[in-house]
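Position 78 of the sequence shown, counted from 1, bears residue number 78 in full-length UniProt numbering, the numbering being contiguous throughout. We put the beta carbon where it would ideally sit given N, CA and C, even for glycine. Given the structure is predicted, the values throughout are model-derived calculations rather than measurements.
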Amino acid sequence: MEFFQNAKVVRLKSYHDKYLMANGDGETIYQDLQGCYDNAKWTVEILNHDDNNLIRLKSFFGNYLTATNIPFLLGSAGKKVMQQPLPSNLLNSSSFEWEPIRDGMLVKLKTRDGGGFLRANDFRLRPWKNSVTHDNPHRTATANWILWDVEIVESREQESDDKPIEVRFLLT
Numbered sequence: 001m002e003f004f005q006n007a008k009v010v011r012l013k014s015y016h017d018k019y020l021m022a023n024g025d026g027e028t029i030y031q032d033l034q035g036c037y038d039n040a041k042w043t044v045e046i047l048n049h050d051d052n053n054l055i056r057l058k059s060f061f062g063n064y065l066t067a068t069n070i071p072f073l074l075g076s077a078g079k080k081v082m083q084q085p086l087p088s089n090l091l092n093s094s095s096f097e098w099e100p101i102r103d104g105m106l107v108k109l110k111t112r113d114g115g116g117f118l119r120a121n122d123f124r125l126r127p128w129k130n131s132v133t134h135d136n137p138h139r140t141a142t143a144n145w146i147l148w149d150v151e152i153v154e155s156r157e158q159e160s161d162d163k164p165i166e167v168r169f170l171l172t
């Protein structure tokens with residue numbers, strides 16, 4: 001959680017050195033080498049549920065990173081990750097919530113409902129090319145695909161306990 005504690009806006013860089021990107025269609029997610037664009041920026045919303053520190057990630061387009069139950073491909077274990085608007089009924093919002101888990105200097109983002117981890121698929125393999133899913137890695141060859149480097153783009157402003165000092169001068 002410490003990766004996101006002071007972060008207001010972040011970029012997430014995958015094990016494949018590609019950035020998590022929100023597509024301009026307001027729906028799809030992909031990876032790209034160019035992290036300089038606004039659609040690589042994610043606003044961090046910190047939530048406190050029970051004992052878990054959870055976050056929501058809001059795309060540049062105003063939708064949230066969402067773990068769906070939709071299979072990415074028929075017969076494959078990975079499920080689609082999309083950007084969607086936050087529902088008005090927040091009781092059904094667990095698919096929008098992610099639990100950051102530290103792994104050395106990197107982080108894994110676990111879905112709140114236990115559906116796995118945010119995974120950057122290998123960009124060389126079709127039809128998974130540049131796709132992002134959520135899943136539990138089943139092979140050691142893909143275990144690192146759930147690791148992300150958090151780059152802080154904008155920090156939260158530090159709240160100061162200091163109040164302005166009022167100074168008055170008496171001129172005589």
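Item                                                                                                                        : Value
Chain-order list of residues whose beta-carbon lies under 6 Å from that of Asn39 (same chain, five-residue window excluded) : Met21, Ala22, Phe60
Residue(s) in a DSSP beta bridge with Lys79                                                                                 : Pro71, His134
Backbone CA spacing between Asp122 and Asn144 [nearest angstrom]                                                            : 11 Å
Continuous beta strand (DSSP E) stretch holding Tyr30: start and end                                                        : 29 to 32
Cross-strand partners of Ser14 (DSSP beta bridge)                                                                           : Trp148
Integer-rounded CB distance, given that Ala7 should sit under 8 Å from Ile101                                               : Not quite, the Cβ-Cβ distance comes to about 16 Å (not below 8 Å), so this is no contact.
Span separating the alpha-carbon of Phe3 from that of Pro71                                                                 : 29 Å
Cβ neighbour criterion (16 or more within 10 Å) applied to Gly62                                                            : exposed
Cα-Cα separation, Leu86 to Ile46                                                                                            : 15 Å
For Pro100, the first and last residue of its enclosing beta strand (DSSP E)                                                : 98 to 103
C-beta contact flag for Arg112 and Leu54 at 9 Å                                                                             : yes
Endpoints, the beta strand (DSSP E) within which Lys110 is located                                                          : 106 to 111
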